[in-house]
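Peer 1: To start, I am sharing the structure in question, which I have written as structure tokens.
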Amino acid sequence: MRVDLNADLGESFGAWRLGDDEALLELVTSANVACGFHAGDPTTLRDTCRAAAARGVTVGAQVGYRDLAGFGRRFVDVAPDDLEADVLYQLGALEAMCRVAGTRVAYVKPHGALYNAVVHHERQAAAVVAAVRAYDPGLPLLGLPGSRLLALAEGAGLPTRTEAFADRGYHADGTLVPRTEPGALLHDADAIAARVVRLVTDGVVEAVDGSAVAVHADSVCIHGDTPGAVEVARSVRRHLEDAGVLVAPFATSARG
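Residue numbers (UniProt numbering): 1 to 256.
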């Protein structure tokens with residue numbers, strides 16, 4: 001058994017600090033690095049890519065809506081052509097930071113409201129796929145199992161990887177509980193770790209209504225901005241390794 005452990009990083013902005021990126025980079029195998037649209041300033045992105053490269057952590061571009069004020073967690077009804085260009089712009093920005101750090105963008109993951117939108121929103125999912133395909137048709141897209149994003153990506157010949165969330169609640173249909181609803185966020189590190197072990201070893205996660213949801217995940221996400229994220233990541237990694245699961249990236253940022 002093998003699984004990738006990822007976290008959303010590089011989300012600080014200027015004097016405003018969010019999360020403990022340095023500590024999380026010691027625990028995760030992949031870093032979803034903000035690209036400046038929903039979070040992250042240029043210096044933060046450069047420093048995050050440099051720190052990830054120094055630890056051998058794979059870097060992925062976490063692309064989002066142009067929504068710094070809302071942290072990318074508000075749906076934006078952006079035209080598909082504009083969204084495609086926005087994704088390309090973000091990819092190019094992060095690739096530059098990776099290049100000077102001696103690494104590269106190894107996959108793409110939408111952030112926040114865009115992530116949730118492309119589960120069902122055909123036109124926005126198609127725009128994200130078109131951007132990634134135009135940029136690099138060999139670049140994997142990371143997303144929710146059963147999403148339109150991954151279905152369209154597969155149809156376009158792009159590699160895809162499925163993701164589950166350690167610290168988020170699930171509905172019975174396999175979608176995430178919105179952050180505005182009860183049960184959306186989980187906080188108990190040991191309970192989260194036990195849940196992740198079951199997810200990885202049995203392919204099952206318990207939904208908020210108590211039902212068992214079948215979920216296959218190539219990667220498990222821990223939100224870096226969640227209080228106690230470092231403790232959660234440490235507990236999840238320890239429990240996975242104790243269960244005999246190899247924690248390793250699904251992609252590599254090695255250049256060449």
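Glycine is no exception: its CB is placed at the ideal position from the N, C-alpha and C atoms. Because the structure is a prediction, the values reported are computed rather than measured.
Would DSSP call Arg168 helix, strand or coil?
Peer 2: Strand, per DSSP.
Peer 1: Looking at Pro227 and His171, is the spacing between their C-beta atoms short of 9 Å?
Peer 2: no
Peer 1: Which whole-angstrom value is the C-beta distance of Asp81 and Arg161, which I expect to be below 8 Å?
Peer 2: 27 Å between Cβ atoms; not a contact.
Peer 1: So, Met1 versus Val245, is the Cβ gap smaller than 9 Å?
Peer 2: yes
Peer 1: In whole angstroms, what is the alpha-carbon distance linking Gly70 and Arg17?
Peer 2: 16 Å
Peer 1: Helix, strand or coil: how does DSSP classify Thr43 here?
Peer 2: helix
Peer 1: Applying the criterion that 16 or more other CB atoms from any shown protein chain within 10 Å of the CB defines a buried residue, is Gly155 buried or exposed?
Peer 2: exposed
Peer 1: Taking the beta carbon of Gly102 as the centre, do at least 16 other beta carbons fall within 10 Å, making it buried, or is it exposed?
Peer 2: A residue is called buried when at least 16 other Cβ atoms come within 10 angstroms of its Cβ; Gly102 does not meet this threshold and is exposed.
Peer 1: Distance, Cα to Cα, Ala34 vs His111?
Peer 2: 8 Å
Peer 1: Considering only the alpha carbon of each residue, which of Val204, Asp77 and Ile192 lies closest to Ala166?
Peer 2: Ile192
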